[in-house]
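**Q** What follows is a single structure, and I will ask about it in a moment.
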Amino acid sequence: MKDIMVIPREALRRGDIVWVVDRNSRLRFKKVEVLRIEGDVVFLRSGLSEGEKVVVSFHRIVTDGMRVRTFMEKSP
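Residue numbers (my numbering): 5 to 80.
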């Protein structure tokens with residue numbers, strides 16, 4: 005298999021939805037195809053593109069297209 009993406013488990017919403025931030029700082033809901041879940045990571049077969057900013061924090065009220073601020077985690 006190629007192009008398998010791995011994301012944190014907390015980034016997966018309602019089974020097959022991932023929240024991403026677009027280049028206009030807007031929240032977008034994306035449907036993904038989950039290959040498998042192992043512990044605290046999810047392996048995706050499709051649905052995300054390399055470089056997309058995946059949201060891992062939780063907010064109670066969100067809407068598709070909502071403006072957000074991002075805080076990028078620094079790489080070790």
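The beta-carbon is built from N, C-alpha and C at its ideal position, and this holds for glycine as well.
Excluding five sequence neighbours on each side, which residues of the same chain lie with their C-beta closer than 7 Å to the C-beta of I41?
**A** R13
**Q** Whole angstroms is fine: what's the gap from S29's alpha carbon to V60's?
**A** 15 Å
**Q** Can you give the beta carbon distance from V36 to S50, rounded, assuming they're within the 8 Å contact cut?
**A** 7 Å
**Q** Just the C-alpha distance for A15 and R71, rounded to the nearest angstrom, thanks.
**A** 18 Å
**Q** Could you check what DSSP says for E37 in three-state terms: helix, strand or coil?
**A** strand
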